[in-house]
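Our numbering runs 4 ahead of the 1-based position in the sequence shown. The C-beta atom is built at its ideal place from N, Cα and C for all residues, glycine as well. Computed from a predicted structure; not experimentally measured. Data first, discussion second: the structure below is written as structure tokens.
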Amino acid sequence: MREQVDLHRAINAVSDVVQNRPRPLRDFDQIHMKTGDMVVQSELVADWADKKRVAFIGDGDAISVCVAYLMAREVLSFGPSKITVFDFDERTVNAVKRFADKERLEHLDAELYNCLDPFPDRSKYDLFYTNPPWGASNNGESVNVFVERGIEAVRYEGEGMIVIADDDELDWPKQVLANVQAFSLERGFYVSRMQRKLHEYHLDDAPELRSCNLFVSSLPKNGVRQKPSLATSPERLENFYGKLQAPKVKFVRERKRPDYGKASDDEYELELLEKQNG
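Put into structure tokens, the structure is as follows:
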């Protein structure tokens with residue numbers, strides 16, 4: 005049984021990470037998980053991935069960084085042996101690298117990668133984690149694209165944690181869940197467990213919408229199914245980020261500036277005190 009986590013220290017550590025991650029771009033379905041849920045999720049991921057190599061297929065929330073940092077600060081005594089973040093947002097990739105360098109997180113790295121491209125030839129990972137666009141307008145095909153890259157990262161043998169919408173009142177999350185399960189099973193992965201309605205988000209138009217952790221595991225000897233990674237076919241991209249929103253961007257590029265983590269000059273203006281009469 006794991007020791008009880010010091011919640012105060014955990015929240016402060018996650019706060020450090022949140023302070024250093026880039027702002028979300030809603031056009032690409034980047035919506036940040038609420039901080040309290042990030043603390044819980046980070047502990048769950050660390051426990052699940054203990055002593056394993058994990059590929060994060062996208063990570064705008066920065067759960068990867070939270071896990072690595074909580075381990076480095078000895079808030080958690082368990083966690084993965086290696087974490088690699090694959091993301092098409094250069095801001096995210098560079099934020100991970102800067103934080104890892106600053107805090108000397110040697111087992112954390114990031115690579116610029118768009119999941120529409122074939123997955124790069126890398127050493128095998130044990131696990132994959134993804135919180136992709138939830139596919140409300142394409143029956144979860146957006147999720148499947150990310151899941152496929154995760155399956156390729158573990159070379160068809162391993163486990164994955166998929167974070168997707170979970171709501172009993174709406175129809176589309178059920179349809180997405182069914183399609184993702186079917187897609188995974190076609191590739192030799194079955195649903196091994198599910199943690200329901202765990203996470204809330206900073207989502208103005210649907211503040212009550214939550215997400216679950218869907219765990220998938222490979223069937224025995226599933227490695228024989230492995231095949232070369234291919235680019236995502238165009239017909240799978242319709243409504244990728246929402247209705248009539250197909251991908252048009254290969255990479256989000258970062259504009260360099262010297263004040264990372266601080267307010268940008270275009271966010272505010274100064275109104276000066278009136279000069280005092282001598």
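Enumerate in chain order the residues of its own chain whose CB-to-CB distance from Glu-145 is below 7 Å, with the five nearest sequence positions on each side excluded. Counted from its first residue, the sequence shown places residue 145 at position 141. Once the five neighbours on either side are set aside, the close Cβ partners of Glu-145 are Gly-139 and Arg-240.
Please state whether the Cβ-Cβ distance between Phe-103 and Asn-16 is less than 8 Å. Numbered from 1 along the sequence shown, position 99 holds the residue referred to as residue 103. Numbered from 1 along the sequence shown, position 12 holds the residue referred to as residue 16. No. Outside cutoff.
Near Arg-108, what residues of its chain come up, given a Cβ to Cβ distance below 6 Å and the 5 sequence neighbours on each side ignored? Here residue 108 is taken as the residue at index 104 of the sequence shown, counted from 1. Within the same chain, Arg-108 has no close Cβ partners at all.
Alpha-carbon spacing of Asp-209 relative to Val-228, whole angstroms: The sequence position of residue 209 within the sequence shown is 205, counting from 1. The sequence position of residue 228 within the sequence shown is 224, counting from 1. Cα to Cα, Asp-209 sits roughly 44 Å from Val-228.
Cβ contact check for the segment 175-195 and the segment 259-278: 3 or more pairs under 8 Å: no
Report buried or exposed for Asp-269, applying the criterion of at least 16 other Cβ atoms within 10 angstroms of its Cβ. The count along the sequence shown starts at 1 and reaches residue 269 at position 265. It counts as exposed.
Could you give the residue range of the alpha helix (DSSP H) that holds Arg-102? Taking the sequence shown and counting its residues from 1, one reaches residue 102 at position 98. Arg-102 -> alpha helix (DSSP H) spans 94-107.
Rounded straight-line distance, which links the Cα of Arg-153 to that of Thr-96: As a first step, residue 96 must be located in the sequence shown, where it is residue number 92. As a first step, residue 153 must be located in the sequence shown, where it is residue number 149. Each residue's Cα considered, the two are about 18 Å apart.
Among Ala-14, Asp-31 and Glu-212, which has the Cα closest to the Cα of Leu-248? For the purposes of this step, residue 248 is taken as the residue at position 244 of the sequence shown. Among Ala-14, Asp-31 and Glu-212, the Cα nearest to that of Leu-248 is on Asp-31.
Straight-line Cα distance separating His-111 from Ala-72: Taking the sequence shown and counting its residues from 1, the one referred to as residue 72 is at position 68. Taking the sequence shown and counting its residues from 1, the one referred to as residue 111 is at position 107. Straight-line Cα distance between these residues: approximately 8 Å.
Continuous alpha helix (DSSP H) stretch holding Asp-113: start and end: Counting from one through the sequence shown, the residue named residue 113 turns up at place 109. Unbroken run through Asp-113 is the beta strand (DSSP E), 112-116; no alpha helix (DSSP H).
Comparing alpha-carbon positions, which option in Asn-183, Arg-27 and Ser-127 lies nearest Glu-161? By 1-based counting over the sequence shown, the position of residue 161 is 157. If we check each option's Cα against that of Glu-161, Ser-127 comes out closest.
Residues in its own chain within less than 6 Å of Gly-164 by CB, not counting five upstream and five downstream? Counting from 1 along the sequence shown, the entry for residue 164 is found at position 160. These residues qualify, in order along the chain: Phe-132, Gly-154 and Val-220.
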